[in-house]
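For reference, the structure is listed below as structure tokens.
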Amino acid sequence: AQSVTQPDIHITVSEGASLELRCNYSYGATPYLFWYVQSPGQGLQLLLKYFSGDTLVQGIKGFEAEFKRSQSSFNLRKPSVHWSDAAEYFCAVGAREGYSTLTFGKGTMLLVSP
Amino acid sequence: DTGVSQNPRHKITKRGQNVTFRCDPISEHNRLYWYRQTLGQGPEFLTYFQNEAQLEKSRLLSDRFSAERPKGSFSTLEIQRTEQGDSAMYLCASSPNSGGLRRAGELFFGEGSRLTVL
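Structure follows, in structure tokens:
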């Protein structure tokens, strides 16, 4: 069974600083990988996904993520954080056979300081 | 473009009562999912419909839980004889059928229905 680990429960970043959120997955083959963001009072929104091909994927709101098979990681990055990025971020993995269901990590809460 | 709509947004009930949540997906989406999210956890998969057919159910979905999507449009999630452990946010999501594997996992979530069982 697949699983996702997000080792950081909370991260605080100064506005304008760079951001990296960590995600490690466990899956026996090449997975689908996703990052979702959940802002207060809003539903989860897809930021980006890795399906195949280029291991560096670009998403919305200036986010990118890199799939590293050797490290079983899919870390999310942003070069300059804005106050509106404060939210909870979830990494998720989907199996290619049963791609209808996703397994989510526990999330990382991003706090942005002025 | 209307998104996924869930009702009610909040429900407080006493232990042992039945509750029902409704989800209206994006109109052209034929796939519908239910997830549950508790404090400090990520969403956990409960069940999945393609049109009116319930194709997958998690072990988390005990006998007290039942989900339906009778006409392949809206869906209901009913919890019978609620327990305090059922307190959670119940999330509905939908996704389109078109796009094949490349669109897999692109879920559009509603804002959730928060259940509190006293």
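Chains A and B, in that order, are what the protein sequence lines are. Per the working numbering, residue -7 is the first one in the first sequence, and the count goes up by one each step. Per the working numbering, residue 1226 is the first one in the second sequence, and the count goes up by one each step. The beta-carbon is built from N, C-alpha and C at its ideal position, and this holds for glycine as well. For clarity, every value in this text was computed on a predicted model and none was experimentally measured.
When DSSP labels each residue in this structure, what does I52/A get in the three-state scheme? As a working note, residue 52/A is residue 60 in the first sequence. In the structure shown, I52/A sits in a helix (DSSP, three-state: H, G or I).
Beta strand (DSSP E) segment containing E1303/B, residue limits: Start at 1 with the first residue of the second sequence, and residue 1303/B comes out as number 78. S1300 to I1304 is the span of the beta strand (DSSP E), which, as asked, contains E1303/B.
Does the beta carbon of V(-4)/A sit closer than 9 Å to a beta carbon anywhere in chain B? Residue numbering aside, residue -4/A sits at position 4 when the first sequence is read from its first letter. For V(-4)/A, the answer is yes, since a Cβ of chain B falls inside 9 Å of its Cβ.
Since F1334/B meets chain A, which of its residues come closer than 7 Å, beta carbon to beta carbon? One-based indexing of the second sequence puts residue 1334/B at position 109. The answer, in chain order, is G35 and L36.
Exposed or buried, what is I1304/B when buried is set at 16 or more other beta-carbons lying within 10 Å of its beta-carbon? The residue given as residue 1304/B occupies position 79 in the second sequence. It is buried - the Cβ of I1304/B has at least 16 other Cβ atoms within 10 Å.
I'd like to confirm the pairing. Which residues does DSSP put opposite G86/A in its beta bridges? By one-based count along the first sequence, residue 86/A stands at place 94. Looking at the DSSP assignment, G86/A forms a beta bridge with Y24/A and L94/A.
Could you tell me which chain A residues have their CB closer than 9 Å to the CB of V1342/B, listed as they occur along the chain? As a working mapping, residue 1342/B is identified with position 117 in the second sequence. Within 9 Å Cβ-Cβ: nothing; V1342/B doesn't reach chain A, min ~22 Å.
With DSSP as the reference, label S1262/B as helix, strand or coil. Residue 1262/B sits at position 37 when you count from the first residue of the second sequence. It should be noted that the sequence gives Gln, not Ser, for residue 1262/B. DSSP places Q1262/B in strand when its eight states are reduced to three.
Contact set for Y17/A: own chain, Cβ-Cβ below 8 Å, skip 5 residues either direction: Start at 1 with the first residue of the first sequence, and residue 17/A comes out as number 25. Q(-6), S(-5), V(-4), T(-3), P23, L25, S64, S65, F66, C83 and V85, listed in sequence order.
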